[in-house]
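Q:
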Amino acid sequence: MSRIGVIGAGSWGTALATVVAGKGHDIRIFDVDEKHLRSMEEHRENVDYLPGVPLNDHIQMAYTNEDAIKDADVVLFSAPAQHFRSALTSAKDFIGEDVTIINVAKGIEKGTHKRMSEIAVEIMGDDVLDRYVVLSGPSHAEEVGRRLPTTVATASRNHEAALRIQDLFMTDRFRVYTLDDVVGVELGGALKNIIALGAGISDGMGFGDNAKAALMTRGLAEITRLGLKLGARPETFAGLTGTGDLIVTCTSMHSRNRRCGIMMGEGLPPEEAIAKVGMVVEGMFTAEAAYELAKIAGVEMPITDAIYKVTKGTLKAADAVESLMGREKRHELDRTDD
Numbered sequence: 002m003s004r005i006g007v008i009g010a011g012s013w014g015t016a017l018a019t020v021v022a023g024k025g026h027d028i029r030i031f032d033v034d035e036k037h038l039r040s041m042e043e044h045r046e047n048v049d050y051l052p053g054v055p056l057n058d059h060i061q062m063a064y065t066n067e068d069a070i071k072d073a074d075v076v077l078f079s080a081p082a083q084h085f086r087s088a089l090t091s092a093k094d095f096i097g098e099d100v101t102i103i104n105v106a107k108g109i110e111k112g113t114h115k116r117m118s119e120i121a122v123e124i125m126g127d128d129v130l131d132r133y134v135v136l137s138g139p140s141h142a143e144e145v146g147r148r149l150p151t152t153v154a155t156a157s158r159n160h161e162a163a164l165r166i167q168d169l170f171m172t173d174r175f176r177v178y179t180l181d182d183v184v185g186v187e188l189g190g191a192l193k194n195i196i197a198l199g200a201g202i203s204d205g206m207g208f209g210d211n212a213k214a215a216l217m218t219r220g221l222a223e224i225t226r227l228g229l230k231l232g233a234r235p236e237t238f239a240g241l242t243g244t245g246d247l248i249v250t251c252t253s254m255h256s257r258n259r260r261c262g263i264m265m266g267e268g269l270p271p272e273e274a275i276a277k278v279g280m281v282v283e284g285m286f287t288a289e290a291a292y293e294l295a296k297i298a299g300v301e302m303p304i305t306d307a308i309y310k311v312t313k314g315t316l317k318a319a320d321a322v323e324s325l326m327g328r329e330k331r332h333e334l335d336r337t338d339d
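Mapped onto our numbering, the consecutive letters of the sequence shown carry residue numbers 2 to 339.
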């Protein structure tokens with residue numbers, strides 16, 4: 002049996018902890034919110050973020066990074082993307098050289114425009130990528146916690162590391178594939194949140210299934226276009242961590258990004274919509290980072306551009322729709338000039 006340290010006691014970190022704890026592995030969860038940890042310890046449940054999912058005896062709380070990570074074989078980071086840098090910085094001194102690092106945050110850092118693996122390299126050096134694994138795919142914590150069938154993928158430049166995490170998580174209800182395209186997996190997971198905001202806005206405005214299907218499809222074209230420019234492989238975006246994750250995030254009410262978008266489409270200001278969701282809405286942060294990254298990379302992303310401006314309050318949702326629908330005629334499969 003392995004020992005796993007989990008950094009971040011939100012819904013997704015907790016759900017993943019239940020998967021591996023169900024196989025008999027020992028889990029220690031740390032979070033900067035000590036009150037939240039004590040609540041989990043008392044109720045043996047994450048009442049705030051994953052209610053109704055009991056924590057078995059293999060899951061214990063840790064009140065310092067060191068207690069969570071010492072003697073661990075694997076460290077899983079489930080902090081929000083904008084906090085991954087600080088979480089890894091605080092934990093790095095306790096992570097042994099042979100410890101596999103898993104990251105499940107889906108986002109691009111504001112300001113630096115870096116993916117999570119790029120942040121890891123900056124903090125721990127290039128060698129960290131030989132033991133750095135991304136876990137991503139169409140997976141809501143609420144369903145994983147209830148043991149509903151789910152399929153995801155692990156990606157690493159070191160195939161053995163990806164296989165190790167595949168074996169760690171694989172169950173009869175949680176199927177895991179492997180990939181080696183870290184760039185594609187990270188970009189797919191981050192950028193789909195922006196399109197999910199747009200899908201929610203469309204739903205909130207009552208535009209129906211046709212509009213949402215078009216938004217998702219053309220959104221995927223944008224994601225792929227930027228991914229190719231940054232070194233990802235096109236087939237990655239057709240898989241679980243691309244199309245699969247996009248579908249589930251744009252269509253489910255479990256999706257924070259879609260729920261936030263729906264409220265914005267109904268007329269609620271972005272700040273109020275975020276507050277009503279009550280948890281981190283990654284797409285709101287990633288929209289700004291992706292908008293800037295696309296400009297730097299010289300990639301045209303009109304949907305991302307419009308959604309970013311709506312989230313900032315500089316463009317009304319109705320005007321964004323009119324602008325997108327009124328663009329010049331194009332060939333659908335032209336990846337270089339949408």
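Glycine included, C-beta positions come from ideal geometry on N, C-alpha and C.
Where do the N-terminal and C-terminal ends of the beta strand (DSSP E) with Y309 fall, by residue?
A: Here Y309 belongs to no beta strand (DSSP E); instead the alpha helix (DSSP H) covers 303-312.
Q: If you draw a straight line from the alpha carbon of D181 to that of A162, how long is it in whole angstroms?
A: Going from the Cα of D181 to the Cα of A162 covers about 10 Å.
Q: A318 and M265 look like a contact to me (Cβ under 8 Å); what is the Cβ gap, rounded to whole Å?
A: Contact flag correct, Cβ pair sits at about 7 Å.
Q: If I30 and M62 are in contact, beta carbons under 8 Å, what's the gap, nearest whole angstrom?
A: Correct: roughly 6 Å between the Cβ atoms.
Q: With DSSP as the reference, identify every bridge partner of E46, one or two as the case may be.
A: Note: E46 sits in a beta bridge opposite P55.
Q: Return the bridge partner residues of N104 from the DSSP annotation.
A: For N104, which the question treats as bridged, DSSP gives the partners F78, V135.
Q: May I have the straight-line CA-CA distance separating R165 from P150, to the nearest angstrom?
A: Straight-line Cα distance between these residues: approximately 21 Å.
Q: Less than 8 Å between the C-beta atoms of N104 and F85, yes or no?
A: In this structure, F85 lies closer than 8 Å to N104 by Cβ.
Q: Could you give the first and the last residue of the continuous alpha helix (DSSP H) run that contains V20?
A: First-last of the alpha helix (DSSP H) with V20: 12-22.
Q: Decide if M254 is buried, meaning its Cβ has at least 16 other Cβ atoms within 10 Å, or exposed.
A: Per the 10 Å Cβ criterion, exposed.
Q: Name the DSSP bridge partner or partners of R4?
A: The partner list for R4 (beta bridge, DSSP) reads D27.
Q: Grab me the residues of K71's own chain with a C-beta within less than 7 Å of its C-beta, minus the 5 sequence neighbours each way, in chain order.
A: Cβ within range, chain order: F95.
Q: Let me know if A154 comes out buried or exposed under the rule of 16 or more other beta-carbons within 10 Å of its beta-carbon.
A: It counts as buried.
Q: Just to confirm, is the Cβ distance from I202 to G262 under 8 Å?
A: For I202 and G262, yes; Cβs fall inside 8 Å.
Q: Report the rounded CA-to-CA distance for R116 versus V135, giving the unit in angstroms.
A: Cα to Cα, the separation comes out at about 11 Å.
Q: Which of the three DSSP states is assigned to L231 in this structure?
A: In this structure, L231 counts as coil in the three-state DSSP scheme.
Q: Would you list the one or two residues that DSSP bridges to Q83?
A: Per DSSP, none; premise fails for Q83.
Q: Which word fits K107, buried or exposed, when buried means at least 16 other C-beta atoms lie within 10 angstroms of its C-beta?
A: Label assigned to K107: buried.
Q: Could you tell me how far apart the beta carbons of M302 and L227 are, in whole angstroms, since I believe they sit closer than 8 Å?
A: 6 Å between Cβ atoms; contact.
Q: How many Å lie between Q1 and T315 at the Cα?
A: In this structure the chain extends from 2 to 339, so residue 1 is not present and cannot be described.
Q: How many Å lie between Y309 and Y292 at the Cα?
A: Near 7 Å, if we compare the C-alpha coordinates of Y292 and Y309.
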